[in-house]
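Engineer:
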Amino acid sequence: MAKSLNQTDFYSRVYKVVESIPSGRVTTYGAIAGYLGVKSGARMVGYALNQLIQLRTDKHYPAHRVVNRLGQLTGRGYFPDDTMRERLEQEGVTFTEEYTVDIQNHFWDPSEEENDG
DNA sequence: CTAATGACGACAC
DNA sequence: CGTGTCGCCATTA
């Protein structure tokens with residue numbers, strides 16, 4: 070498994086996991102961080118997602134499927150309008166609050182990446 | 001190098 | 001149960 074995690078590599082892995090998030094599901098920063106090996110790197114995950122905005126690449130990641138451990142759309146402020154919320158809704162994700170998803174019902178674990186890998 | 005920030009998380013009161 | 005504080009690690013100034 071991953072041993073020496075390069076700084077930039079960490080980002081690449083985050084993007085890879087994020088784009089691997091299935092529709093109608095959501096995951097948390099800590100889950101991704103822990104999955105990558107950096108338990109306390111939850112902040113780095115969120116930071117990595119933020120970088121997506123800077124990337125300015127044609128490729129866009131479903132960063133809207135990433136929420137904090139409470140299911141709050143903390144990053145909604147970085148999305149235009151309520152894109153983050155509407156996106157989740159159209160995918161079938163339920164909400165327990167205006168900007169809080171039912172994470173306990175839609176939580177997705179990165180390790181569930183059912184892939185030959 | 002030091003200091004400040006952040007799409008987080010856990011603990012203390 | 002809500003507020004306040006520290007820890008975490010990379011990025012930025």
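Numbering-wise, the numbering used here puts 88 at position 19 of the first sequence, and it's gapless, one number per residue. Each residue gets a CB set at the ideal place from its N, CA and C atoms; glycine is no exception.
Is residue 79 helix, strand or coil by DSSP?
Structural biologist: Here residue 79 refers to the residue found at position 10 when the first sequence is read from its first residue. Reduced to three states, the DSSP call for residue 79 is helix.
Engineer: Rounded to the nearest angstrom, what separates residue 72 and residue 92 at their Cα positions?
Structural biologist: For the purposes of this step, residue 72 is identified with residue 3 of the first sequence, where counting begins at 1. For the purposes of this step, residue 92 is identified with residue 23 of the first sequence, where counting begins at 1. Note that residue 72 scores 45 on pLDDT, short of 50, meaning its location in the model is unreliable; the coordinates nonetheless yield the value given after this. So the two alpha carbons sit approximately 30 angstroms from each other.
Engineer: Straight-line CA distance for residue 178 to residue 128?
Structural biologist: Looking up residue 178 in the first sequence gives position 109. Looking up residue 128 in the first sequence gives position 59. C-alpha separation (whole angstroms): 23 angstroms.
Engineer: Quick check: the stretch 111-121 against the stretch 80-88, are at least 3 beta-carbon pairs closer than 8 angstroms?
Structural biologist: Yes, the stretch 80-88 touches the stretch 111-121.
Engineer: Keeping to the same chain, check which residues put their C-beta closer than 6 angstroms to that of residue 117; ignore five residues upstream and five downstream.
Structural biologist: For this step, residue 117 is matched to residue 48 along the first sequence. For residue 117, where only same-chain residues beyond five positions count, the Cβ hits under 6 angstroms are 80 and 83.
Engineer: Please return the same chain residues whose Cβ sits closer than 8 angstroms to the Cβ of residue 27, not counting the five positions on each side in sequence.
Structural biologist: Because the chain is modelled from 70 through 186, residue 27 falls outside the range shown and cannot be assessed.
Engineer: Excluding the 5 residues preceding and the 5 following residue 168 in the sequence, name in chain order all residues of the same chain whose CB lies nearer than 7 angstroms to its CB.
Structural biologist: Walking along the first sequence from the start, residue 168 turns up at place 99. For residue 168, where only same-chain residues beyond five positions count, the Cβ hits under 7 angstroms are 141, 142, 145 and 154.
Engineer: Is residue 122 buried or exposed, if buried means 16 or more other CB atoms sit within 10 Å of its CB?
Structural biologist: The residue given as residue 122 occupies position 53 in the first sequence. Counting Cβ neighbours within 10 Å, residue 122 comes out exposed, since fewer than 16 surround it.
Engineer: Determine the DSSP secondary structure at residue 135, reduced to helix, strand or coil.
Structural biologist: By 1-based counting over the first sequence, the position of residue 135 is 66. Note: residue 135 maps to strand in three-state DSSP.
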